[in-house]
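Okay, so here's the structure we're looking at.
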Amino acid sequence: MMKRLFFAGIAILALMLSGCQENQQSDQTTSNRSVFVRDSADQNNDFYDNEPFFELPGPDKILVGGEVEKEVWVDLSKLTTHSVQVRETHLENGEVGFTGAYRYDGPSLFDVLKEVRVAKRNAAEFPPIIDQYVVIYGSDGDSVTLSWGELYYPVHLHEIIIAERVMRIVPSKTGEHWPLPEQRKLVVASDLVTVRNISEPARIMIRSCRVDIPIDRSVTMWSDQMVMSLSDSDKQTLTKLPAGLKPVEYNQVFYGRGMGIHGISTFRGAWLKEMIQGRLPETVDRLRNGMFVFSAIDGYRCSVTWSEMMNRCDGEGVILIDQDNYEGAGRFSCLFTADYFSDRAMKSITDIRLIQ
Numbered sequence: 286m287m288k289r290l291f292f293a294g295i296a297i298l299a300l301m302l303s304g305c306q307e308n309q310q311s312d313q314t315t316s317n318r319s320v321f322v323r324d325s326a327d328q329n330n331d332f333y334d335n336e337p338f339f340e341l342p343g344p345d346k347i348l349v350g351g352e353v354e355k356e357v358w359v360d361l362s363k364l365t366t367h368s369v370q371v372r373e374t375h376l377e378n379g380e381v382g383f384t385g386a387y388r389y390d391g392p393s394l395f396d397v398l399k400e401v402r403v404a405k406r407n408a409a410e411f412p413p414i415i416d417q418y419v420v421i422y423g424s425d426g427d428s429v430t431l432s433w434g435e436l437y438y439p440v441h442l443h444e445i446i447i448a449e450r451v452m453r454i455v456p457s458k459t460g461e462h463w464p465l466p467e468q469r470k471l472v473v474a475s476d477l478v479t480v481r482n483i484s485e486p487a488r489i490m491i492r493s494c495r496v497d498i499p500i501d502r503s504v505t506m507w508s509d510q511m512v513m514s515l516s517d518s519d520k521q522t523l524t525k526l527p528a529g530l531k532p533v534e535y536n537q538v539f540y541g542r543g544m545g546i547h548g549i550s551t552f553r554g555a556w557l558k559e560m561i562q563g564r565l566p567e568t569v570d571r572l573r574n575g576m577f578v579f580s581a582i583d584g585y586r587c588s589v590t591w592s593e594m595m596n597r598c599d600g601e602g603v604i605l606i607d608q609d610n611y612e613g614a615g616r617f618s619c620l621f622t623a624d625y626f627s628d629r630a631m632k633s634i635t636d637i638r639l640i641q
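Spelled out as structure tokens, the structure:
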């Protein structure tokens, strides 16, 4: 009898210890990449460490293919963990709704693709990388398009991640607990309508612009007009910015990846998104995969996603300029205000085309 009581006591003690360990795991998370200690009493100045983390299950490897020397499996568990804070939203029947506020932790796509050897399909005719883009496929068939510029040119890097764990950001007065995702997911922190945050990213394809754009490096860098094409039936030829646009003045340290400092400049123009808003409906597919190609008179071009220009939560975007152009770049030029480098600030733009 005493022996049975002894073993029963041992079992109860083991269960109690196990429960303590499980509770502690939600407040303190340790991995080979990061250590998190929860501030459940709200004693420090960090608003993003007060709640427990929840692990998001999913594979530790992701396949990268497309325009690469060879397909590779990238081990996510060996990459640095980054954190982003997002206010997630959804689009339903044309209306935007609030989903919840979260902190997500995981490796960035910047790091996932950092060591991948790209074999650019059109490298012989156009070596620059700014017309590259990536398509991320989820395990359920969903897809998302990101420009190479979104990944490698922003002032703020590592804000597109594959989330491996999530924490609610709970309002201190209402105490609302938002629903939690159940799987690993892609998170694009700069998006306003967050439909690019798809579940279980499984495969990444690297691609480059497939639009036929003639190259002529001997041409005079000036074009009197620019064509904006949103569809076969919606084309607009511009010789100046349309009337009624709100003028924008933007100060920038203008610095190129190759030539370095161009100057500390003031750019004057208008937000390009204002010329496009209302002309096409914002659908889930367009927010996820819509993409423009900007091209100049000499054949210089870059890929720009719909969401990085039209669907931002950070106030950045693309400024279109038609006068006082930097370095005599006319008539139309542009500035990507979220970019660190000036490489996508194109001169003598002749065509802005929505290709998907």
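Note that the sequence shown covers residues 286 to 641 in the numbering used here. All C-beta atoms, glycine included, are put in the ideal place defined by N, C-alpha and C. Note that this is a predicted model, so its numbers are computed, not measured.
- Per DSSP, Arg388 lies in no alpha helix (DSSP H) segment; the continuous beta strand (DSSP E) that holds it begins and ends at 380-391.
- Contact check for Arg488 and Leu364: beta-carbon distance about 17 Å, past the 8 Å limit, so the pair fails to qualify.
- Following the DSSP letters along the chain, one finds Glu373 inside the beta strand (DSSP E) bounded by residues 367-377.
- Judged by DSSP secondary structure, Met511 falls within the beta strand (DSSP E) whose first and last residues are 511-516.
- Take Gly391, set aside five residues on each side of it, and the residues of its chain with a beta-carbon closer than 6 Å to its own are Ile446, Ile447, Ala448, Glu449, in chain order.
- In this structure, Val589 sits away from Ser493, with a CB-CB distance that is not shorter than 8 Å.
- Secondary structure in the segment 446-481: the beta strand (DSSP E) runs of 3 residues or longer, each lying completely within the stretch, are 450-453, 470-473 in chain order.
- According to DSSP, residue pairing for Met490 in a beta bridge involves Gly350, Val420.
- Counting along the chain, Met594 sits inside the alpha helix (DSSP H) bounded by residues 591-595.
- Inclusion of Gly434 and Cys587 in the CB contact set at 8 Å is warranted, their separation being smaller than that value.
- Glu601 sits in coil when the DSSP states are folded into three classes, being neither helix nor strand.
- The secondary-structure analysis by DSSP pairs Phe395 with nothing; it has no beta-bridge partner.
- By the criterion of a C-beta distance shorter than 7 Å, Arg402 is surrounded in its chain by Val353, Glu354, once the five residues flanking it on both sides are discounted.
- Cβ neighbours of Asp360 within its own chain (closer than 8 Å, five residues either side excluded): Asp345, Lys346.
- The three-state secondary structure of Ser362, taken from DSSP, is helix.
- Taking C-alpha positions only, Trp463 is separated from His441 by approximately 27 Å.
- In this structure, the straight-line span from the alpha carbon of Met560 to that of Pro527 is close to 8 Å.
- Between Leu465 and Phe338, the CB-CB gap reaches or exceeds 8 Å.
- The C-beta of Gly350 has fewer than 16 other C-beta atoms within 10 Å across all chains shown, which makes the residue exposed.
- Runs of the alpha helix (DSSP H) spanning 4 or more residues and lying entirely within the segment 551-597 occur at 569-574, 591-595, in chain order.
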